[in-house]
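K.L.:
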Amino acid sequence: MTEGLIIDDNRQTTDALQQMLELLELPARVADGSSAAMSVLSSVVPDFICLDINMPGVDGTEVLAYIRREPRLMKIPVVIITSDDQPETRQHVMRGGAQAMVIKPVTIDILEGAFKKAGIVK
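For the sequence shown, the residue numbers in numbering that gives the first Met the number 0 are 0 to 121.
#1: Which of the three DSSP states, helix, strand or coil, is assigned to R10?
#2: Tell me the start and end of each unbroken beta strand (DSSP E) in the region 11 to 94 that is at least 3 residues and wholly inside, in chain order.
#3: Which class does I107 belong to by DSSP, given the choice of helix, strand or coil?
#4: Is the region 30 to 42 in contact with the region 83 to 90, if contact means three or more CB pairs nearer than 8 angstroms?
#5: Considering only C-alpha positions, which residue in the set D7, I48, D14, D51 is nearest to D31?
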């Protein structure tokens, strides 16, 4: 069974994403922020990752760079979910290896479209 990882420091966002993903039959565990994510990623290889950019400490772009450098994680599809709607941010994360980027607030239709673009769902 497919299981993803949601990385975000906002509990309301992670709860909403987790519920939407369950409706899409894509269960996911949650890592509350980048430190928790690094801990989870040290022992788990998820099938996909939903990643926030603006987090305290290590931000999402640094987490994405780590994922793309780490051989056992580098092929995992990453969907950026952020409130940062700047074109430079989109260019930066797409060049950094993300498959799609979604601007908050997220709807299930937008999320499903991003997952299709990323090749996570058909």
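Glycine included, every Cβ here is placed at the ideal spot set by N, Cα and C. All values derive from a computational prediction rather than experimental measurement.
P.N.:
So, from the data block:
#1: Numbered from its first residue, the sequence shown carries residue 10 at position 11. Residue state, collapsed to three classes: helix.
#2: 27 to 31, 48 to 50, 77 to 81
#3: Walking along the sequence shown from the start, residue 107 turns up at place 108. Three-state DSSP puts I107 in a helix.
#4: no
#5: The sequence position of residue 31 within the sequence shown is 32, counting from 1. The shortest C-alpha separation from D31 is found at D7.
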